[in-house]
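Residue numbers (this note's numbering): 12 to 142. For each residue, glycine too, the CB sits at the ideal point set by N, CA and C. So the structure is just underneath, and the comments pick up after that.
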């Protein structure tokens with residue numbers, strides 16, 4: 012997987028030019044744009060979404076916590092959320108607690124249930140999900 016600097020070196024242009032082209036910003040000639048895009052494709056360039064998200068402070072992601080994906084209508088709900096996220100170009104981070112697999116029904120009556128959910132919410136917040 013290539014970096015922007017490697018693509019710039021291969022094309023004989025600056026890293027800023029490559030970055031601008033990959034982010035669809037104006038300013039480069041059509042010939043340079045084509046060269047950079049072809050080179051990026053040949054070098055299997057993939058954007059670093061983590062770095063991009065840190066810069067823009069926009070992760071375009073939501074977090075979903077499911078008690079157990081094997082029960083009730085959870086798969087249909089997750090599918091609906093995923094379908095919507097695809098339409099609006101968001102990513103989904105899914106945490107499956109698997110509570111029914113790990114514990115019996117008495118687990119929900121214990122104080123630990125909310126502690127587990129709270130811990131997972133903290134993980135999602137650390138990943139800077141937007142919702």
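Of the candidates 99, 23, 78, 96, the residue whose Cα lies closest to the Cα of residue 128 is 78. Remark: C-beta atoms of residue 130 and residue 68 do not approach each other more closely than 9 Å. In the three-state scheme derived from DSSP, where H, G and I count as helix and E and B as strand, residue 75 is classed as strand.
Secondary structure note for residue 31: its alpha helix (DSSP H) is the uninterrupted segment 26 to 33.
DSSP places residue 57 in the coil class of the three-state scheme, outside both helix and strand. DSSP places residue 105 in the strand class (E or B) of the three-state scheme. With a contact defined as Cβ atoms closer than 8 Å, residue 106 and residue 76 qualify at about 5 Å.
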